[in-house]
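Only one structure is covered here, and it is reproduced in the block below.
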Amino acid sequence: MSDTHAESVAFVRTEPVPSAPPPFQATGPVKWIRENLFANVPNTILTLVALYAIYVVLSAILPWIVNGIWNTDSLAECREILQGATGACFSVLTERWHQLLFGFTYPSELYWRPTLAFVLLFFAAAPVLFFDLPRKLLIFTALYPFIAYYLIWGGTIWVPIFALLGFAGGYLTYARFVTQSFAKGFFGGIAAAFLIWTLAGYITPLLAAENPAMAAVPSRDMGGFMLNMMLGVICVSLSLPIGIALALGRQSSMPLIKLVCVVFIEFVRGVPLITLLFVASVVLAYFFPPEASIDLILRVIIMITMFSSAYIAEVIRGGLAALPKGQYEAADSLGLDYPQAMRLIILPQALKISIPGIVNVAVGLFKDTTLVSVISMFDLVGMIRGPILASTEWNGVYWELFMFAALLFFVVCYGISQYSQWLERRLATDHR
Amino acid sequence: MTSISDPQQGSFRLSMLLNDTRYRSLTFQAIALFLLIVAFAYLGNNLVSNLRAAGLNISFDFLWSPAGYDINQRLIEYDSQSTNARAALVGILNTLLVAFLACVTATVFGVIAGVLRLSNNWLVRKLMSFYVEIFRNIPVLIWIIIIFTIMTAVLPAPSAFRGENPSSSMFLDSVAFTNRGIYVPAPVWGPGSGIVAVTFLASIVGIFAYRRYATKLLYDTGKLLPVLWPSLALLFVPTLVVFFALGQPIGLDIPELKGFNFSGGIKVGGPLIALWFALAIYTGAFIAENVRAGILSVSKGQTEAASALGLRPRRVMNLVVLPQALRVIIPPLISHYLNITKNSSLAIAVGYADVTATLGGITLNQTGRAIECVLLLMLFYLAISLSISAVMNVYNNATKLKER
Amino acid sequence: MKKSVFFGALTVAGIAATAAAAGTLDDVKARGKLNCGVTTGLAGFAAPDANGEWKGFDVDVCRAVAAAVLGDPTAVEFVPTTGKTRFTALASGEIDLLARNTTWTFSRDVDLKFDFVGVNYYDGQGFMVPKALGVSSAKELDGATVCIQTGTTTELNLADFFRANNISYEPVPIETNAEAQQQYLAGACDVYTTDASGLAATRATFEDPSAHALLPEIISKEPLGPLVRHGDNDWGDVARWTLNALIAAEEYGITSANIAELAQGTNNPEVNRILGTEGTLGEMLGLSADWANNAISAGGNYGEIFARNIGESTPIGLARGLNAQWTNGGLLYSPPFR
Chain C
31 MSDTHAESVA FVRTEPVPSA PPPFQATGPV KWIRENLFAN VPNTILTLVA LYAIYVVLSA
91 ILPWIVNGIW NTDSLAECRE ILQGATGACF SVLTERWHQL LFGFTYPSEL YWRPTLAFVL
151 LFFAAAPVLF FDLPRKLLIF TALYPFIAYY LIWGGTIWVP IFALLGFAGG YLTYARFVTQ
211 SFAKGFFGGI AAAFLIWTLA GYITPLLAAE NPAMAAVPSR DMGGFMLNMM LGVICVSLSL
271 PIGIALALGR QSSMPLIKLV CVVFIEFVRG VPLITLLFVA SVVLAYFFPP EASIDLILRV
331 IIMITMFSSA YIAEVIRGGL AALPKGQYEA ADSLGLDYPQ AMRLIILPQA LKISIPGIVN
391 VAVGLFKDTT LVSVISMFDL VGMIRGPILA STEWNGVYWE LFMFAALLFF VVCYGISQYS
451 QWLERRLATD HR
Chain X
405 MTSISDPQQG SFRLSMLLND TRYRSLTFQA IALFLLIVAF AYLGNNLVSN LRAAGLNISF
465 DFLWSPAGYD INQRLIEYDS QSTNARAALV GILNTLLVAF LACVTATVFG VIAGVLRLSN
525 NWLVRKLMSF YVEIFRNIPV LIWIIIIFTI MTAVLPAPSA FRGENPSSSM FLDSVAFTNR
585 GIYVPAPVWG PGSGIVAVTF LASIVGIFAY RRYATKLLYD TGKLLPVLWP SLALLFVPTL
645 VVFFALGQPI GLDIPELKGF NFSGGIKVGG PLIALWFALA IYTGAFIAEN VRAGILSVSK
705 GQTEAASALG LRPRRVMNLV VLPQALRVII PPLISHYLNI TKNSSLAIAV GYADVTATLG
765 GITLNQTGRA IECVLLLMLF YLAISLSISA VMNVYNNATK LKER
Chain D
7 MKKSVFFGAL TVAGIAATAA AAGTLDDVKA RGKLNCGVTT GLAGFAAPDA NGEWKGFDVD
67 VCRAVAAAVL GDPTAVEFVP TTGKTRFTAL ASGEIDLLAR NTTWTFSRDV DLKFDFVGVN
127 YYDGQGFMVP KALGVSSAKE LDGATVCIQT GTTTELNLAD FFRANNISYE PVPIETNAEA
187 QQQYLAGACD VYTTDASGLA ATRATFEDPS AHALLPEIIS KEPLGPLVRH GDNDWGDVAR
247 WTLNALIAAE EYGITSANIA ELAQGTNNPE VNRILGTEGT LGEMLGLSAD WANNAISAGG
307 NYGEIFARNI GESTPIGLAR GLNAQWTNGG LLYSPPFR
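First to last, the protein sequences are chains C, X and D.
Residues 31 to 462, numbered by this note's numbering, are exactly what the first sequence covers, in order.
Residues 405 to 808, numbered by this note's numbering, are exactly what the second sequence covers, in order.
Residues 7 to 344, numbered by this note's numbering, are exactly what the third sequence covers, in order.
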């Protein structure tokens, strides 16, 4: 064919013309900028407004940070050095960082203990958060609460050991009897655990060494960001089982149980956390015998746990409701009784779809732990608003401290919420 | 016909309470009831004996004794001789005020940020996700304190407006931004202003009537009437005409610097602004995420189908996307409103006189009636949230997709 | 519920429930620690320093009581309380003694069922204004914005003062002293009002203290003192006479420097009775004979405590004023030790 053309036409190109480079404005960064920043008039205006906003914020903050002073002993010295120029006085952080992180009464030579507990927290949490890790790591997760307790509070090692033994004994009893009947296993397990704990209550004082290897630190000495972390972790983990029980109770066919659960959940969700903390600080003490001397941190843990378990119960209820009805019917048709159906069929699926919601509740709760500063506990915000700003050296330093607090919370919460988003994407692949 | 025979009647044995599913639930409930009663009896007994030991009692008489303190932000008549109950009422109204303002503003922030997060503009998109992330991940208490601090540090004190060459001046000569609050002109209702107000209300009714008529016309005849411009005209023109015809009966009381403070006009106090703004911008970040999720939840096929029918983009948005997106957006939106109301109890951090600060704060401190005050406080919040949940349930039922 | 709470207490916080004892004194002795309620931070009166040690005027009262009862001034657990939590903490038994610059008022004594054991600081509510404002009397404050620290008697005094003088004001209630101060410095209030001692302490921390003036009016009487639960008179006596011992020690010239020497015996019978070398005062209180010796050795006598924490040589710089001994024209007057 081409031969004939070659004869009839004077010139034929045998290879294609090399494609011309696209116009300058349609390639590379310029194209990107045109498309993404200046596509049309409203877009251009938006871009300019955004750029101006960024400029205003940065021009105010950058000099302040760059001129920051890190090594003075008081705000007055900072002011002397700055001579009226804009600049931060970060020395408050270098001087008081340990108070911000650990509170002002935690013994400074023991800082490694909570730090180690914090690092171990990652290893303990990893198998729960990432399903791909070997399941054997869960053993460490189960041991973690006792290790962390021992590290943070110290004292005699027998307390966590007996607590662990109680749980182990309870579990063994449960495993022994659960094949016969769930109720038998469950209540038997609880009874065994309480038996061990009661015995331990008598034995521990005898075994306890006069000077334990780990010096005991009373709860009152906990403070700073450590207190926020502790409250967050303890209350979320305690509220998980309670939340599951409440969610199941709310779906129960027994009217009394259902009523109790509904009233509890709606009551707790209906009031602000701060009123519950008021209850912990000014009311709860009247409800216990005077000799029980339950200290403030424990009362706060009780109230925050109540608070978060109600929210977690609602999330789990959502998970239970999202399961197709066929799952329940399938479990019934297999002849499983209620505890078996829940344990083997329903809860594993319902919990899995509830995880992102639970993580969101956990983040919200962790942020809300700052409210304990209102009832005179020295958490991170309480440390700032109380002792540090009240001291003569640092009276008047606000920005540096609150930005530091904001930064700490941001790092933790952003990390957790990124995990939650990753998890949501991962779980979503099952459905599409 | 049936091959299954009923279990034998009348042979009730005690072991059936545990083993027979018909009776077992009764057993459980009886145990639960027993435990519940024991727990409450234990706590109640402790309460009574502790109170007796301390020589205290439970009594709400303090509500009717004079409060003795002043409140700077009040919507109703109140002075230091009013009762504690009235102080609590002032606080309740203040809580509702800040919650209402913050809900409206948070919705505006949230919708703007949520829509802009889907914008084509890269910079705006990134800025908005920066806003959302930074506000969602830092406790609201810290935000309230930071914003209150910014307000007092950045805005000028009223004294800066004084003197020959004041370092600050009023915006448009009528609005003063100070670190004690914003002073705006207040309307002065002269004779005849009632007629203006009635005209205004009448035109609002007129707008609704017009829109109904336009919809009816559209359904009956298919004829499309313009809605936006006539509505706007109805809103302003009659009122303005009456206003000028009656010789401008409504004047403005412009705030003036007198003594220590501005006087005249309406003062929006600094604590109120700080709390309002902090709650709005914090919750706005959450609402933005909901709005974005809501819009994304409407599948692209819906938009394309609507376009294929020949609808203009704005109508696609109004008639197809928004109604479906709202179904996803509104339930979490209402629970965010609930959160705003509950978070407004953090007012004590900035000295705003909400119910937590009056009833649960100063009254509690001065009378020492901790149990009574906290109880009343919780009941109030509970009533608010239960009524909001009731509204939410009504909405959910109304918009539920009718399925099998 | 009961069980789980107890086990929670036992295993989580490591707190053993102790058997109910007859009185606070026995409780404290059995516990080996005094639980003392203080503020969350007010420079000079009670604030933790950079090392986490509580320091201040009220703190030293706690330490003196601990020394008197337990012989050890460090055997104190300081419980920070807010204006809101302090009375419940005391009433519910969480703390044994509240030393949180609390004003002795009728209703707190009678209605709230507390016993004030004495007065350790005679205070009064005052006003601080910037000098630039040109105000010389509180009566010129018509229309001013006033910052108040909440949770005290301050709000009530302020309302009474302005009502009595028939002038108007705008209250701005602020939770903590530090925040109130920031509001005041930024000009968000014209006046800052709290106890005069607190004002002086606050002014001392300003960048330029000389730019601010305290107005002459003192609008209230604020006798600040430690308090205990009503009805536990043995414990109340211990706290009351510990405070009196500190005051009497200054009167009789017993200081932390010479106390060891004086405890050998002097020719002043009153000093001997205080220090336990004569008579059985300690036994009557249910304490050891050297209880007052321990209390005074802990931080010195009243004058030393005052001078170290809030006196004129400290940044707070308060003059003795009403808080001088009666012999110097002040109000401190300890009943006789006899």
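All C-beta atoms, glycine included, are put in the ideal place defined by N, C-alpha and C.
Under the DSSP definition of a beta bridge, which residues are partnered with residue i?
i: N665 of chain X; result: X:K662
i: N41 of chain D; result: D:E83
i: G585 of chain X; result: X:T582, X:G673
i: H218 of chain D; result: D:P136
i: D657 of chain X; result: X:A590
i: L48 of chain D; result: D:A52
i: V234 of chain D; result: D:D121
i: C119 of chain C; result: C:I99
i: D409 of chain C; result: C:G254
Residue j and residue i - do their beta-carbons sit closer together than 8 Å?
i: L249 of chain D; j: N307 of chain D; result: no
i: G755 of chain X; j: P136 of chain D; result: no
i: G25 of chain C; j: A371 of chain C; result: Given a span of 31 to 462 for chain C in the structure shown, any question on residue 25 of chain C remains unanswerable.
i: T228 of chain C; j: G218 of chain C; result: no
i: V519 of chain X; j: V720 of chain X; result: no
i: Y180 of chain C; j: P190 of chain C; result: yes
i: I480 of chain X; j: L467 of chain X; result: no
i: N498 of chain X; j: P302 of chain C; result: no
i: Q188 of chain D; j: Y428 of chain C; result: yes
i: A95 of chain D; j: G43 of chain D; result: yes
i: A761 of chain X; j: I775 of chain X; result: no
i: G253 of chain C; j: M413 of chain C; result: yes
i: G199 of chain D; j: N665 of chain X; result: Before going on, a small fix: residue 199 of chain D reads as Thr here, not Gly. No, they are not a contact pair.
i: L281 of chain D; j: L291 of chain D; result: no
i: V247 of chain C; j: W142 of chain C; result: no
Starting from residue i, trace the beta strand (DSSP E) both ways and give me its first and last residue.
i: T44 of chain C; result: Here T44 of chain C belongs to no beta strand (DSSP E), and DSSP marks it neither H nor E.
i: V178 of chain D; result: 175-180
i: N107 of chain D; result: 103-109
i: D129 of chain D; result: 127-129
Out of the options, which one is the CA nearest neighbour of residue i?
i: P369 of chain C; options: C:L278, C:V293, C:V402; result: C:L278
i: T320 of chain D; options: D:A207, D:T272, D:N172, D:Y175; result: D:A207
i: G663 of chain X; options: D:E146, D:Q187, D:N315, D:D201; result: D:E146
i: R314 of chain D; options: D:G130, D:T261, D:L233, D:D33; result: D:T261
i: A70 of chain D; options: D:I280, D:N299, D:P341; result: D:N299
i: P591 of chain X; options: X:I608, X:I542, X:D657, X:N541; result: X:D657
i: T687 of chain X; options: C:G133, C:I376, C:G394; result: C:G394
Return the chain-ordered list of same chain residues with a C-beta closer than 8 Å to the C-beta of residue i, the five sequence neighbours on each side being excluded.
i: V600 of chain X; result: T643, V646, F647, L650, P653, I654
i: T116 of chain C; result: P93, W94, N97
i: A325 of chain D; result: E318
Tell me the residue span of the alpha helix (DSSP H) that contains residue i.
i: I154 of chain D; result: Taken as a continuous stretch (DSSP letters only), I154 of chain D belongs to no alpha helix (DSSP H), being part of the beta strand (DSSP E) at 150-155.
i: T272 of chain D; result: Careful: T272 of chain D lies outside any alpha helix (DSSP H) and carries neither H nor E.
i: T200 of chain D; result: No alpha helix (DSSP H) holds T200 of chain D; the beta strand (DSSP E) holding it covers 197-201.
i: R169 of chain D; result: 160-170
i: T625 of chain X; result: 597-625
i: V515 of chain X; result: 488-520
i: M290 of chain D; result: 287-291
Less than 7 Å between C-beta atoms, sequence neighbours within five positions excluded: which residues of the same chain meet that for residue i?
i: V81 of chain D; result: The question names Val, but residue 81 of chain D is Ala in the sequence shown. Excluding positions up to five away in sequence, the list reads G38, K39, L40, A72.
query = Of all the residues that make up the stretch 96-130 of chain D, which are near chain B by a beta-carbon distance shorter than 7 Å?
reply = Protein chains in the displayed structure are C, X and D, and chain B is not among them.
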